[in-house]
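Asks: One structure follows; several queries about it will come next.
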Amino acid sequence: MKKAYLQIIAAASLWGCIGLFIKLLTAAGLTSMQGVAVRSLVGLIFYGLFLFLTDRPALRVDLRDWYWFFGTGVCSMLFFNWCYFSAITLSSMSVAAVLLYTSPVFVTLMSAIFFHEAVTPVKVIALAATFAGCVLVTGLFPLGQVPISAGTILFGLGSGFGYALYSIFGKFILKKYSPATVTFYTILFCAIFSLPISGLHANLGALASWQALAGALGVGVLCCALAYHLYTAGLRDAEPGKAAILATVEPFVAAALGILLFHEEVTPSKLLGMAAILGAVLLLNLPEKKS
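With my numbering applied, the sequence shown corresponds to residues 432 to 722, in that order.
Here you go:
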């Protein structure tokens, strides 16, 4: 079981490095959407080759289920990545990462609507803590302390909403397919729809630089293919609730990289906001008392 926990922590740590590689891609002249296309394309190639060599049955699906993969790949992965990368470009890695973790709020609300899950007092407290954390981490309180644009907030919350959609669509599709199958076709649909609208074909020259190559390999192989493989392997032997708690390592890694490598400002309100949001995530994953 300890091996599974280490795999999940490693996956979350790799996700926390996404901003580092996106910085390299944008420095090379790629846009946020082109970064999404590069990540999904490189991840698709490496993960597809991995499954072809090790688990070919995972590549088989019923074509009539295409709309579920459209939901996970386009409505969730493509939308959330575009919003997340845009938030990183407009603001900082730490702010974007913490806003991404507003996703439990959206998961709670949508689960209550679609799955009739009870909104308990614990969930209400967690939602309130998350909202307060967002206000603090974005610099809205104390007022004017950290100038964060409305676009950054909208993109950050959009990334949280798109990220949450994966849990909603995944809850249905995982009843029929393995995590490996869902992961591969999610990346496939993301790649298919992101490439035409990204304009990457008109900016292929930017990929010739060392920054672009390093960013592409990092965000595609490490933060997409390898990270999802590690998380799926760990989830196979670990409880989903504990896996979700361990995955909160991601914003800590992102914030630490932002501070250490890019000298991003650290304020008491930002730290308090990060603690409030992560505390809410932990609270939502606590086991409920049995009556």
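Note that beta-carbon positions come from the ideal geometry of N, C-alpha and C, so glycine has one too.
All values reported here derive from a predicted model rather than from experimental measurement.
#1: Give every residue of the same chain whose Cβ lies closer than 8 angstroms to the Cβ of Q642, excluding the five residues on either side of it in the sequence, and list them in chain order.
#2: Within this structure, are the beta carbons of S590 and T520 separated by less than 8 angstroms?
#3: Just to confirm, is the Cβ distance from L494 to Y515 under 8 angstroms?
#4: Just the Cα atoms here: how many angstroms apart are G593 and L484?
#5: Going along the chain, which unbroken runs of the alpha helix (DSSP H) with 4 or more residues stay wholly within the region 616-648?
#6: Looking at the structure shown, is S534 part of a helix, part of a strand, or coil, going by DSSP?
#7: Just the C-alpha distance for F615 and V526, rounded to the nearest angstrom, thanks.
#8: Give the straight-line distance between the Cα atoms of F624 and L567, rounded to the nearest whole angstrom.
#9: Mind checking which residues open and close the alpha helix (DSSP H) that includes F546?
#10: Do you know offhand how far D668's Cα is from W499's?
#11: Do the CB positions of I618 and S471 come within less than 8 angstroms of each other?
#12: To which residues of the same chain is G601 closer than 7 angstroms at the C-beta, ignoring the five residues directly before and after it?
#13: Among L691, C621, S609, whose alpha-carbon lies nearest the alpha-carbon of A489?
Replies: In terms of the structure at hand:
#1: Taking the first residue of the sequence shown as position 1, residue 642 is located at position 211. Hits under 8 angstroms: L455, L456, A458, A459.
#2: The residue you call residue 590 lines up with position 159 of the sequence shown. The residue you call residue 520 lines up with position 89 of the sequence shown. No, they are not a contact pair.
#3: Counted from its first residue, the sequence shown places residue 494 at position 63. Counted from its first residue, the sequence shown places residue 515 at position 84. Going by beta carbons, L494 and Y515 fall outside the 8 angstroms limit.
#4: For the purposes of this step, residue 593 is taken as residue 162 along the sequence shown, with counting starting at 1. For the purposes of this step, residue 484 is taken as residue 53 along the sequence shown, with counting starting at 1. G593 and L484: Cα-Cα distance of roughly 31 angstroms.
#5: Entirely contained in the region 616-648, the alpha helix (DSSP H) runs reaching 4 residues are, in chain order, 641-648.
#6: The residue labelled residue 534 in the question sits at position 103 within the sequence shown. Note: S534 maps to helix in three-state DSSP.
#7: Numbered from 1 along the sequence shown, position 184 holds the residue referred to as residue 615. Numbered from 1 along the sequence shown, position 95 holds the residue referred to as residue 526. Rounded to the nearest angstrom, the two C-alpha atoms are 29 angstroms apart.
#8: Position 193 of the sequence shown, counted from the start, is the residue given in the question as residue 624. Position 136 of the sequence shown, counted from the start, is the residue given in the question as residue 567. Near 35 angstroms, if we compare the C-alpha coordinates of L567 and F624.
#9: Stepping through the sequence shown from its first residue, residue 546 is reached at position 115. It is not in any alpha helix (DSSP H) - F546 carries neither H nor E in the DSSP assignment.
#10: Residue numbering aside, residue 668 sits at position 237 when the sequence shown is read from its first letter. Residue numbering aside, residue 499 sits at position 68 when the sequence shown is read from its first letter. D668 and W499: Cα-Cα distance of roughly 25 angstroms.
#11: To locate residue 618, count along the sequence shown from 1; it is residue 187. To locate residue 471, count along the sequence shown from 1; it is residue 40. A contact, by the Cβ cut-off of 8 angstroms.
#12: Your numbering for residue 601 matches position 170 in the sequence shown. T503, V613.
#13: As a first step, residue 489 must be located in the sequence shown, where it is residue number 58. Considering only alpha carbons, the answer is S609.
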